[in-house]
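According to the working numbering, the sequence shown is numbered sequentially starting from 10.
Glycine included, C-beta positions come from ideal geometry on N, C-alpha and C.
Here's the structure, in structure tokens; my notes come after.
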Amino acid sequence: MTELVIGTDQLSRRRAPERPESPYCRVCSSVKPRPTDARAGRWVAPRHIWRTRRQNATGGLRSMPKVMVVDDAYSELQVMETILRSAGYDVVTYLDGDQLEEKIVKERPDVVLLDIVMPKRNGFEALRGVRRDARIKQARIIVVSSKNQESDRIWGMRQGADEYLAKPFTADQLLAIVRRFLR
């Protein structure tokens, strides 16, 4: 079996170890790696699957897109973090939306996944605060909530959310929505 090694700009073809905790990312059978440098014998996944360099909001280059996840439920936070990290994203997590504006300014994420029902400051209040802050009002924010009524979705969009993802969701749904905002 051929695997792609995570963590470098160019990925090497290697035989995967048998341990499940290995730092390898399995390539689905529909995606075949293509050679980028015949002399070096290195391989890289197609551009639409793997992005190795991305310009962040401050204009600097960063190795992988950064996703911020804000959710008070630790288990759900861990699940989203695991899904996103396994897809190759740089992930930062927070357990509440308190001072979200400052967290976004500090971390400069490409996308923010924000829960609505949280202690101290709910997601709608945090979302309104981000949209009022001129430094970060262009931040891409995806509301991820167990409130799945159409009225909740409409209210979230009116508060400034770029997208609304209702829980429960599959890993594919989460990754598809994040990828859409990283193009």
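Query                                                                                   : Result
In angstroms with no decimal places, state the Cα-to-Cα distance between R162 and Y173. : 6 Å
Is it true that the CB of R140 sits closer than 9 Å to the CB of Q168?                  : yes
The beta strand (DSSP E) with T102 in it runs from where to where?                      : 99 to 103
Measure the alpha-carbon distance for G132 versus V120 and round it to whole angstroms. : 15 Å
For M166, report the span of its alpha helix (DSSP H) as first-last.                    : 159 to 167
Is V126 helix, strand or coil when you go by DSSP?                                      : coil
Rounded to whole angstroms, what is the Cα-Cα separation between A185 and K112?         : 25 Å
Using DSSP bridges, identify the partner residues of L174.                              : V153
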